[in-house]
Amino acid sequence: MTNQDENKEGIGGMINPRRYGIERVAYLLMRLSGLGLLAYFIGHIYETSSILKGQIGWNAFLAITQTNAGHAILAIVIAMCVFHTVNGIRVMLGHGGVGVGKPARPDYPYIPASQNIRHKMGIYSAIILAAIAMMYGLAVMFGE
Amino acid sequence: MRESIIMKIHYGTALAAIALVAVHILMRLTQGFAESLEYDSVIANYKFLPYAGMLEIILILLSIHGFNGLRVILLELKQGRTYEKAVSYGCVAAMIALIAYGSRTIIMVNTGMT
Amino acid sequence: MAQTPSLAEESGSTPFSSSQSITLRIARYNPQHDSAKSFMEFQVPYEKWTTVLEAILEVKKHFDHSVAVRYSCRQATCGSCGMIINGKPRLACFTKISELNSNVITVEPMNNFPIIRDLAVKFERLFDTHHKIKPYLIRDDTEITTNTKEFLQTPEELEQYIQFSNCIKCGLCNSACPTMATDSSFVGPQALAQAYRYVADSRDKGKDNRLKIIDDSHGIWRCHFAGSCSQVCPKGVDPAMGIQLLRGYMLGFRS
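Protein chains in written order, with my numbering: chain A, 1 to 144; chain B, 145 to 258; chain C, 259 to 513.
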């Protein structure tokens, strides 16, 4: 059965953050930051292996990273790292059933208890902390 | 391996990595960011066995967590027996390759083989 | 394929006397001979209480009776009329035109379900996954074989699952789920919430059995707690809560 036969929304539907509130934004950012951090991690392992080429090799690699573009990339990595960590802890707690509310007879207009303020605050905190960490990183890198 | 065991490992590696990566980043900041990246300083870090051991553990934890995360995303994107096997074995192979490559750097610098 | 007839052109019945009207855009698609979805537009009058289903039936009655739509109870009980209304999965019978705050209402078939024709989709996979998690009480004895006439339960025990027994299998949660958007093998929020409904039932003894069924590479672990399923549920079931509580058993947070 093809994608069209199944009428699946596809990747466009999966990553669309506009329809279901901040939770879907967090879902998308979690995926993007995870992929971004994995790419950075692989690059980091590769770049640090230049230490094996001695001081000249290491300094040559360092020169590449200590440019404006290098600092900007590192700042984004810091933001991704903080968001992925804080939101990851929130999601892990949620996955264990922590903070998702208690089952109860629903009353109209049916506000889902699992989409509560605690989790929303967790998402906003992750975004704000990521922004602060990124700004701190930029201050450290460009302040020198 | 059952998916629940894989995902418990996924969560466990994440929690452990948070603590160790925090130490790794703090080492850069406490020494001064630029100074900590100087050649002699980095070599000294690698030659300090507990720190080299910590780097090795971070390497293993993040490789497992990262490539399992990638496997999860890829499994959700497309289905099919052959594709899913290729994704699972491919991610394990990439994980092992990255750990091997990173370990090579840590071991060679730590033992002075540069 | 766009046409904009008005009720005034029709002689005979004019069931809604309202002066207000909206443009109803209905997705038309027959997989047997259409290559892509198209939309037909109709001007439909409405009252404050007119539902989207009533507007669609108005179109069927006066403009184009070939529009395919599944419906039955018209009171959010049967779960038949789920569709995408202005971009979100909703029950057509439970959605008033006036609450959508738009002059244009677009109705499409639910995502992540194969289309039969126009707005009607196939529910086979939803029912298959529902059956897969064994949606019934599992125990060795029955009321007939034991001396007791019924399995007693305290109100507190009932509260643990009663919310989840409200599921009408309309499929809106599966349509909103981001994992279902790409993963055809995922069990889905509907079935997972029902797995919790039975696992949490004090009369049920099939917990280990069910947890084993959902513990595979396209089972409960493919839920990432995005919560879209709970936001669209028309019965307040909150599948996201049920799934996380169910996963709590597997992670050792609950016993």
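Yeah, the Cβ is synthetic: ideal placement off N, Cα and C, and Gly gets one too.
Practice task
Please decide whether residue 505 (chain C) counts as near chain A, where near means a Cβ-Cβ distance under 8 angstroms.
Solution key: Answer yes: the Cβ-Cβ gap between residue 505 (chain C) and chain A drops below 8 angstroms somewhere.
Handout entry: Minimum Cβ-Cβ distance from residue 124 (chain A) to chain C less than 8 angstroms
Key = Any Cβ of chain C closer than 8 angstroms to the Cβ of residue 124 (chain A) would place that residue at the interface, and such an atom is absent.
Handout entry: residue 239 (chain B) at chain A interface by Cβ criterion, 8 angstroms
Key = Contact of residue 239 (chain B) with chain A is not assigned, every C-beta pair being separated by 8 angstroms or more.
Problem - Residue of C:293, C:294, C:306, C:287 minimising C-alpha distance to residue 279 (chain C) - result: Comparing Cα-Cα distances from residue 279 (chain C) to each of C:293, C:294, C:306, C:287, the minimum goes to C:306.
Handout entry: Minimum Cβ-Cβ distance from residue 266 (chain C) to chain B less than 8 angstroms
Key = Confidence in residue 266 (chain C) is poor, its pLDDT being 43 and thus under 50, which makes the residue's placement too unreliable to answer from.
Handout entry: Three-pair Cβ contact test at 8 angstroms for the segment 327-339 of chain C versus the segment 240-253 of chain B
Key = No, they do not touch.
Practice task
With distances taken Cα to Cα, identify the nearest neighbour of residue 35 (chain A) among A:80, A:143, A:96, A:128.
Solution key: If we check each option's Cα against that of residue 35 (chain A), A:80 comes out closest.
Practice task
Identify, in the order they occur along the chain, each residue of the same chain with its Cβ nearer than 6 angstroms to the Cβ of residue 160 (chain B), setting aside the five sequence neighbours on each side.
Solution key: The residues are 205.
Practice task
Please classify residue 403 (chain C): does DSSP put it in a helix, a strand, or coil?
Solution key: DSSP places residue 403 (chain C) in coil when its eight states are reduced to three.
Practice task
With a threshold of 16 other CB atoms inside 10 Å of the CB of residue 411 (chain C), please say whether the residue is buried or exposed.
Solution key: Counting other Cβ atoms within 10 Å of its Cβ, residue 411 (chain C) stays below 16 and is therefore classed as exposed.
Practice task
Compare the beta carbon distance of residue 289 (chain C) and residue 107 (chain A) with 8 angstroms and say whether it is the shorter of the two.
Solution key: 8 angstroms or more divides the Cβ of residue 289 (chain C) from the Cβ of residue 107 (chain A).
Problem - Chain-order list of residues whose beta-carbon lies under 7 angstroms from that of residue 153 (chain B) (same chain, five-residue window excluded) - result: Once the five neighbours on either side are set aside, the close Cβ partners of residue 153 (chain B) are 208.
Exercise for the section: Leaving out five residues on either side along the sequence, give the residues of the same chain with a beta carbon under 8 angstroms from the beta carbon of residue 367 (chain C). Expected result: Cβ within range, chain order: 285, 287, 341, 342, 373, 376, 377, 378, 379.
Practice task
Determine the chain F residues that contact residue 31 (chain A) at a beta-carbon separation under 8 angstroms, and present them in chain order.
Solution key: Of the protein chains in the structure, A, B and C, none is chain F.
Practice task
Assign residue 268 (chain C) to one of three DSSP states: helix, strand, or coil.
Solution key: Residue confidence for residue 268 (chain C) is low, a pLDDT of 43 falling below 50, so the modelled location carries little weight and cannot support an answer.
Handout entry: DSSP three-state assignment for residue 13 (chain A), whether helix, strand or coil
Key = Taken through DSSP and simplified to helix, strand or coil, residue 13 (chain A) comes out as helix.
Practice task
Verify whether the separation of the beta carbon atoms of residue 203 (chain B) and residue 243 (chain B) is less than 8 angstroms.
Solution key: By the CB criterion at 8 angstroms, residue 203 (chain B) and residue 243 (chain B) fall inside the cutoff.
Exercise for the section: Report all residues from its chain with a CB closer than 7 angstroms to the CB of residue 93 (chain A); omit the five preceding and five following residues, and keep chain order. Expected result: Listed in chain order, the non-local C-beta contacts of residue 93 (chain A) below 7 angstroms within the same chain comprise 99, local neighbours out to five positions each way being set aside.
Practice task
With 8 angstroms as the threshold, decide whether the Cβ of residue 298 (chain C) is near any Cβ in chain A.
Solution key: No, residue 298 (chain C) lies away from the interface with chain A (no Cβ there is under 8 angstroms from its Cβ).
Exercise for the section: Mind checking which residues open and close the beta strand (DSSP E) that includes residue 486 (chain C)? Expected result: DSSP places residue 486 (chain C) in no beta strand (DSSP E) but in the uninterrupted alpha helix (DSSP H) bounded by 486-490.
Exercise for the section: List the endpoints of the continuous alpha helix (DSSP H) containing residue 127 (chain A). Expected result: From DSSP, the alpha helix (DSSP H) with residue 127 (chain A) extends over 117-143.
Practice task
Look at the Cβ atom of residue 430 (chain C), then the Cβ atom of residue 491 (chain C), and state whether they are nearer than 8 angstroms.
Solution key: Result yes, Cβ atoms of residue 430 (chain C) and residue 491 (chain C) sit closer than 8 angstroms.
Handout entry: Inter-residue spacing [alpha-carbon to alpha-carbon] between residue 146 (chain B) and residue 155 (chain B)
Key = One C-alpha to the other measures close to 15 angstroms.
Problem - Residues near residue 345 (chain C) by beta carbon distance below 6 angstroms, same chain, minus five either side - result: Excluding residues within five positions, none has a Cβ falling inside 6 angstroms.
Exercise for the section: Report yes if the C-beta distance between residue 506 (chain C) and residue 143 (chain A) is below 8 angstroms; otherwise report no. Expected result: It is not a contact, given that the beta carbons lie outside the stated cut-off.
Problem - Helix, strand or coil at residue 182 (chain B) according to DSSP, with G and I counted as helix - result: Of the three classes helix, strand and coil, the one that applies to residue 182 (chain B) here is coil, per DSSP.
Handout entry: Segment contact flag, the segment 441-460 of chain C with the segment 65-82 of chain A, C-beta cutoff 8 angstroms, min 3 pairs
Key = With the cut-off at 8 angstroms, the segment 441-460 of chain C and the segment 65-82 of chain A do not touch.
Exercise for the section: Compute the distance between the beta-carbons of residue 383 (chain C) and residue 220 (chain B), then report whether it is under 8 angstroms. Expected result: Contact flag unset, no.
Practice task
Give the secondary structure of residue 160 (chain B) by DSSP, where H, G and I count as helix, E and B as strand, and everything else as coil.
Solution key: Under the three-state reduction of DSSP, residue 160 (chain B) is assigned to helix.
Exercise for the section: For chain A, find out if any of its Cβ atoms is closer than 8 angstroms to the Cβ of residue 162 (chain B); answer yes or no. Expected result: Yes - at least one Cβ of chain A is within 8 angstroms of the one on residue 162 (chain B).
Problem - Whole-Å CB distance - residue 499 (chain C) paired with residue 88 (chain A), under 8 angstroms assumed - result: Taking 8 angstroms as the upper bound for CB-CB distance, residue 499 (chain C) and residue 88 (chain A) are not in contact here, some 20 angstroms apart.
Handout entry: Anticipated Cβ contact below 8 angstroms, residue 105 (chain A) with residue 301 (chain C), distance rounded
Key = With a Cβ gap of about 42 angstroms, residue 105 (chain A) and residue 301 (chain C) do not count as contacting.
Exercise for the section: Name the two residues that bound the continuous beta strand (DSSP E) containing residue 285 (chain C). Expected result: Element bounds for residue 285 (chain C): 279-286.
Practice task
Counting only the same chain and skipping the five closest in sequence on each side, list residues whose C-beta sits under 6 angstroms from that of residue 8 (chain A).
Solution key: Excluding five sequence positions before and after residue 8 (chain A), none of the CB atoms of its chain fall closer than 6 angstroms to its own CB.
Practice task
Within 10 angstroms of the Cβ of residue 214 (chain B), are there 16 or more other Cβ atoms? Answer buried if so, exposed if not.
Solution key: Answer is buried; the Cβ neighbour count reaches 16.
Exercise for the section: Tell me whether residue 145 (chain A) is buried or exposed, calling it buried when 16 or more other Cβ atoms sit within 10 Å of its Cβ. Expected result: The structure shown does not extend to residue 145 (chain A), since chain A is modelled only from 1 through 144, so no value can be given for it.
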